[in-house]
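In what follows, a single structure is set out as structure tokens and then discussed.
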Amino acid sequence: MAFEKVRVRFAPSPTGPLHIGGVRTALFNYLFAKKHNGDFLLRIEDTDQTRYVPGAEEYIMESLEWCGIKIDEGVQQGGEYGSYRQSERKDLYKQYAEQLINAGHAYYAFDTPEQLEAMRERLKESGSSNQQYNAETRIDMINSLTLSEDELNEKLNAGEPYVIRLKLPNDENIILKDMVLGEISFHSSQLDDKIIFKSDGMPTYHLANVVDDHLMKISHVIRGSEWVNSTPSHVLLYRYLGWEDEMPQFAHMPLILKPSGKGKLSKRDGDKGGFPVFPLEWKNPETQEISSGYRESGYQPDAFLNMLAFLGWNPGTTQEIFSEDELIEAFSLDRIGKSGARFDPDKAKWYNHQYLQAMDDETLSIAFKSILDDKGINADPVVVKEIVSLIKERADFISDLWDLSNYFFEAPSEYDAKVIKKRWKENIPSVLAEIIKMLKELEDFTSEKAEELVKNYIQENELNMGQVLNSLRLSIVGSAKGPSLFDIIFLIGKEEALKRIQTAIDTIKR
RNA sequence: GGUCCGUUCGUCUAGUCAGGUUAGGACGCCAGGUUUUCAUCCUGGUAACAGGGGUUCGAAUCCCCUACGGACUACCA
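Residues in the first sequence are numbered from 28 upward in steps of one, following our numbering.
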């Protein structure tokens, strides 16, 4: 191909929030571009004005930014091939449609939606397997191929609404060379005369994406596989426009499937299935309905990106944790799978766990401190850091930290009945009272000293280690969970610890 | 219905292009170990070539058929 530089684009339409399939397409484009020292562009495909959703464009850009996908050229960053918003390029497309008409590769069509519908009905009833507007059916319709020149001019002059359709060849094989799927062959008779220009004066996706990709010198079109079936029409468009020699290479990504495996992941699946499908939380401006996002659910952006990269792609090694730079280094289109990948929420969680564990205590404790502040808990940052170091290994998300450590900040309000039943024997209150006495007298109140003291006491009196320690834990924590008991006691302080033990003695009844 | 694509453990997948592996890894699950507890962690285990025909000394790998799954089939992208 005749490209000096790799230039790829992510071209979403601003009809709502981007879902993770879209983010993955953006990611693969970005990875491919950076791997080859190329450019990654963001182009907004807003040729359908009726589907425009306010805020969607901002949402898309914010999502990419959160993920760490950096845009080289786009609506915000500009570039020499602008505008990067198709609605602002509107005037550009008409001339190409007309060029196509003049060359005999496209034509005006005046059929109303009702007439189109009637045509399809008619074909269906006659048992036809194909109800498309194509070489066979267009001769029965109202278009510049069936109208006389006078009739055509009359309609045009009268301002009758029309669309422009691509005139497909009768009997031709169109070979698509796809970098993921390989060679795919289509027969023109099975394709329809796609509308390339709408009656509202806007081009359709088919024309706009071809024109823009050419003008923007796009070298590779990496997009979802829902586009495979319309790609032969795009190939024809390049050919008829005289750009076939510089046609980008195509690579169609496999779909992301629902966790159930039935169908492609859609916007509705997420909150129904208990996981987000959107990178960021989204509030539907019309219904006010809120859909959860990965960011708000506590995912680290790099974990999210790593997880997404492995949906349909793999490096061919056993390494699973990749930084963004490592992904760029390892990425290649030929390691993308052909079949749809089912989304696994458990694996997503596992990824976040890995990234959370790799974070240092300082960073984590700062994040946790602000959660505590929100709860109105004024904690010493040094203590918070200590607590984080004790509990972080059991957390998947920063938001787990509170549930994992609330007993450090507040005395238990109830005690786990199962633990009471199993561990709180008759002698426990008197044993704990004894322990209170001993701890009270302990001068050097450290975790180690306290542990030594209590354990020695248990041994010397031939008590049951499990019963005593778990009862002690119950009185401090409220249940049988958490890190080393004596670390907890040390961190909440002697006074608070003794108070809790006394409260337990006073309240717990078998 | 038509067109196009796909199918390896429950899931994500390696291996397929250049036929020969005890079909590998990860998530999940199960068991054991560590632990005063719950987790984490460590060790081990479970589990797959959709089915049928070929070609071949030999097939997950090449060919054909069937089944199943998916995408597309708009003046949406």
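We put the CB at the ideal spot given by N, CA and C, even for glycine.
Is the beta carbon of residue i sitting closer than 8 Å to the one on residue j?
i      : j      : result
GLN142 : LEU150 : no
VAL415 : LEU399 : no
ASN218 : PRO259 : With the sequence shown as reference, residue 218 is identified as Leu, and Asn is not the correct amino acid for it. Against a cut-off of 8 Å, the Cβ pair of PRO259 and LEU218 comes out as a contact.
GLN529 : ILE463 : yes
SER246 : VAL33  : yes
HIS46  : LEU292 : yes
ILE515 : VAL504 : yes
ALA531 : LEU501 : yes
GLY105 : LEU68  : no
LEU354 : ILE283 : no
ALA124 : LEU234 : yes
LEU193 : ILE223 : yes
HIS19  : ASP205 : Within the shown structure, residues of the chain are numbered from 28 to 537, placing residue 19 beyond reach of any answer.
PHE517 : SER474 : yes
TYR160 : ASP220 : yes
ALA330 : PHE349 : no
LYS467 : LEU525 : yes
TYR108 : MET243 : yes
On a Cα-Cα basis, can you pick out the residue from the options that is closest to residue i?
i      : options                        : result
ARG450 : SER498, LEU518, THR473, SER287 : SER498
GLY290 : LEU264, GLU253, ASP298         : GLU253
GLU115 : THR77, LEU54, ASP73, GLU89     : ASP73
PHE59  : GLY109, GLU351, HIS132         : GLU351
HIS241 : GLU479, ARG36, PRO306          : ARG36
LEU195 : LYS62, SER426, TYR265, PHE55   : TYR265
TYR378 : SER366, MET334, ASN184         : MET334
LYS365 : SER215, PHE30, PRO281          : PRO281
SER511 : ALA477, ASN491, GLY339, HIS261 : ALA477
TYR135 : PRO312, LYS225, PHE305         : LYS225
SER40  : GLY131, ASP99, TYR232          : TYR232
GLN76  : PHE435, GLY65, THR42, SER426   : THR42
GLY452 : ILE363, SER426, MET492         : Gly is not the amino acid found at residue 452; the sequence shown has Lys there. It is MET492.
ALA406 : GLU437, HIS380, ASP430         : GLU437
ILE363 : GLN346, ASN341, GLN384, PHE349 : ASN341
GLU523 : ILE71, PHE472, TYR484          : PHE472
TYR442 : THR534, ASP361, LYS419         : THR534
LEU332 : TRP93, GLU271, MET465, VAL80   : TRP93
ASP239 : ILE71, ARG51, GLU181           : ILE71
At the level of alpha carbons, what is the spacing between residue i and residue j?
i      : j      : result
GLY403 : ARG527 : 22 Å
MET229 : TYR120 : 8 Å
LEU208 : LYS376 : 30 Å
GLY325 : GLY95  : 16 Å
TYR267 : VAL237 : 11 Å
PHE137 : SER156 : 24 Å
ARG421 : ILE393 : 18 Å
LYS61  : ALA53  : 12 Å
ALA162 : ASP118 : 29 Å
SER432 : PHE395 : 11 Å
MET386 : ALA507 : 27 Å
GLN327 : ARG250 : 25 Å
ARG322 : GLY301 : 15 Å
GLY297 : VAL304 : 5 Å
GLY440 : GLY320 : In the sequence as presented, Gly is not what sits at residue 440; that position holds Ser. Approximately 33 Å, taken between the alpha carbons.
GLY269 : GLU178 : 30 Å
GLY65  : PHE513 : 56 Å
ARG369 : SER90  : 22 Å
LYS294 : SER287 : 15 Å
LYS536 : LEU490 : 20 Å
ASP373 : HIS63  : 33 Å
Which of the three DSSP states is assigned to residue i in this structure?
i      : result
PHE37  : strand
ALA60  : helix
PHE436 : helix
GLY403 : coil
GLY269 : coil
GLY364 : coil
SER426 : coil
ASN184 : helix
SER252 : helix
ALA162 : coil
ASN170 : strand
ASN157 : coil
GLU210 : strand
ASP205 : strand
ASN483 : helix
Report task. Report the residue ranges of all beta strand (DSSP E) runs contained in full by the region 64-140; include only those spanning at least 3 residues, in chain order. Result -> 66-69, 133-136
Query raised in the report: Whole alpha helix (DSSP H) runs in the region 281-354 with 4 or more residues, listed along the chain?
Result: 296-300, 328-336
Query raised in the report: What residue ranges within the region 489-525 form continuous alpha helix (DSSP H) runs of no fewer than 4 residues, ordered along the chain?
Result: 492-504, 512-519
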